[in-house]
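Numbering follows this note's numbering, with no gaps: position 138 of the sequence shown is 243.
The structure appears below as structure tokens.
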Amino acid sequence: MLSTGQLDDNPRPAVLDLDRQVSGLAAVRRWTRDALCGVTADELEDIVLVVNELVSNAFDHGSAPRQMRVHRSMEPCFVRVEIDDGSAEVPTLGTSRLDGDRGRGMLLVNRLAKDWGVTPRSDGKTVWAEITCEPPCRIAAWPPSG
């Protein structure tokens, strides 16, 4: 189903294959909440919103193969989300407005993330975002039970 590592300072992230394992954005949001069950509710909602926007962009503007990775660091406490897709097209903030109908996803990512960027790859790109957590960053048991 998914490749996992403990979401603390372990260098192995939790991994989700977006092309084979996901039936929609609701499943991605649920997976993210399960993977980050030790993060506070407010922080989790910000992270889930960033994930939702980045994954939406990967499906709207990218191409297969698509994969998502989530890393959690304890010192300093932050969560890093990485979305791979097969397109070289780089997302931009552009002229989007928060009150517009479309095109505000990267504005939201820019506001919620401590930092974000794009790493080119030979087969596309990785769009990543880092969201700060309030210390102490609690560690939940991995994998989540239930």
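Just so you know, even glycine gets a beta-carbon here, dropped at the ideal spot from N, CA and C.
Query, Result
"For residue 117, which of 193, 237 and 173 has the nearest alpha-carbon?", "173"
"Given residue 191, which residues of its chain have a CB within under 8 Å of its CB, disregarding the five upstream and five downstream residues?", "167, 168, 169, 170, 171, 228 and 229"
"Look up residue 113 in the DSSP assignment and say whether it is helix, strand or coil.", "Residue placement at residue 113 cannot be trusted, given a pLDDT of 46 that sits under 50; what the coordinates show is reported in the next sentence. If DSSP states are grouped into helix, strand and coil, residue 113 belongs with coil."
"Helix, strand or coil for residue 128, going by three-state DSSP, please let me know.", "coil"
"Run through DSSP, which three-state label would residue 167 get?", "coil"
"By DSSP, does residue 158 sit in helix, in strand, or in coil?", "helix"
"Which residue comes first and which comes last in the alpha helix (DSSP H) that contains residue 214?", "210–217"
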